[in-house]
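Engineer: Before I ask anything, let me first share the structure, which is written out below as structure tokens.
In my numbering, the protein residues as written are 8 to 275.
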């Protein structure tokens, strides 16, 4: 009669059950299961609403005390557009787990330029190209749903229109050259390190003549960059320099010894 080897089989079965149990109770992951959508990812938090934003992303509601917040500042870029800095609260950017579960305080931002979604942001700095008028920054969870409070997306909106330059006060108003039969004349006085009127830009049409009449309290030389024209300055004696603006661009007028900028000529 053959004895059944039930004990080893029972032990093996028990080990398999323990392994499965350990796998099911392991550390949760932020990545969703194959074949499931982003909004069905495991570990989701908040309340998934039926409401969607204009791009089709569903809203995921949180209590105000738990919800993230975002602020933005825009700084004009010297080569065009704006450099935007984001400040977030109760939130961190997690590009490494994008597409995973919606976990509170994690995710990325979506950028809406003039109301149209254009890009994502995975960090605090971003660039907006020139021509944009408004920028909306909206916070999303890793599963691409929109973080919201009471059905309102967590976002901030900036106006990017370039502000008009402030009108100068009477004491700092740019000097306007006075007309003359031979063109225009600009009188400039240098006392120590003070230039009067204060240095500003003088706009000229190409081919227009201008006369610079400079009086200094010390010996120096006045020089027009780009035109390579200069005149000696004697203390208290006006020096006159006349030129025809036959070259377009921006040209500085300065003194050699003291290195003072007297004015800028803009020829168009």
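Note that CB positions come from ideal geometry on N, CA and C, so glycine has one too.
As the structure is a computational prediction, the values presented were derived from the model and not from experiment.
The beta strand (DSSP E) spanning residue 131 covers which residue range?
Structural biologist: Unbroken run through residue 131: none, as it is neither H nor E.
Engineer: Nearest to residue 67 by alpha carbon, out of 149, 275 and 138?
Structural biologist: 149
Engineer: What three-state label does DSSP hand residue 265 in the structure shown?
Structural biologist: coil
Engineer: Got a sec, what are the start and stop residues for the beta strand (DSSP E) residue 80 sits in?
Structural biologist: 76-83
Engineer: Could you give the first and the last residue of the continuous beta strand (DSSP E) run that contains residue 103?
Structural biologist: If you look at residue 103, you'll find it isn't in any beta strand (DSSP E); DSSP assigns it neither H nor E.
Engineer: Pick out the complete beta strand (DSSP E) segments inside the region 195-248, 3 residues or longer, and give them in chain order.
Structural biologist: As far as the region 195-248 is concerned, its whole beta strand (DSSP E) runs of at least 3 residues are 201-203, 208-211, 216-223, 227-231 and 236-240.
Engineer: Are the beta-carbon atoms belonging to residue 218 and residue 192 less than 8 Å from one another?
Structural biologist: Cβ distance < 8 Å, so residue 218 and residue 192 count as in contact.
Engineer: Please tell me whether residue 61 and residue 167 are closer than 8 Å, where the distance is taken between their beta carbons.
Structural biologist: 8 Å or more divides the Cβ of residue 61 from the Cβ of residue 167.
Engineer: Under the three-state reduction of DSSP, which class applies to residue 115: helix, strand or coil?
Structural biologist: strand
Engineer: Where does the unbroken beta strand (DSSP E) through residue 110 begin, and where does it stop?
Structural biologist: Unbroken run through residue 110: none, as it is neither H nor E.
Engineer: Output needed for residue 28: all residues of its chain with C-beta closer than 8 Å, excluding positions within five of it in sequence on either side, in chain order.
Structural biologist: Here residue 28 scores only 39 on pLDDT, less than 50, and its place in the model is too uncertain to base an answer on.
Engineer: Could you name the residues that DSSP lists as bridge partners for residue 253?
Structural biologist: Per DSSP, none; premise fails for residue 253.
Engineer: On the CB-based measure, 16 or more other CB atoms within 10 Å of its CB, does residue 284 come out buried or exposed?
Structural biologist: Because residue 284 is not part of the residues shown, which for the chain are 8 to 275, the question remains open.
Engineer: Between which residues of its own chain and residue 255 is the CB-CB distance below 8 Å, once the five residues before and five after are set aside?
Structural biologist: 213, 274 and 275
Engineer: Taking the C-alpha atoms as reference points, what is the distance between residue 270 and residue 92?
Structural biologist: 35 Å
Engineer: Which same chain residues, not among the five before or five after residue 98, have their C-beta less than 6 Å away from its C-beta?
Structural biologist: 75 and 112
Engineer: Check for me: the beta strand (DSSP E) holding residue 68 runs from which residue to which?
Structural biologist: 65-68
Engineer: Quick one: residues in its chain with C-beta nearer than 7 Å to the C-beta of residue 179, no 5 flanking neighbours on either side, listed in chain order?
Structural biologist: Its pLDDT being 45, under 50, residue 179 is placed unreliably by the model, and the measurement read from it follows with that caveat. The residues are 205.
Engineer: Cα separation between residue 139 and residue 115?
Structural biologist: 21 Å
Engineer: Taking the C-alpha atoms as reference points, what is the distance between residue 109 and residue 207?
Structural biologist: Residue 109 and residue 207: Cα-Cα distance of roughly 56 Å.
Engineer: Spatial neighbours of residue 257 within its chain, please: C-beta separation below 7 Å, excluding the five flanking residues on both sides.
Structural biologist: Cβ within range, chain order: 271 and 273.
Engineer: CA-CA distance, residue 69 and residue 145?
Structural biologist: 15 Å
Engineer: Pull up the distance between the alpha-carbon of residue 246 and that of residue 120, whole angstroms please.
Structural biologist: 54 Å
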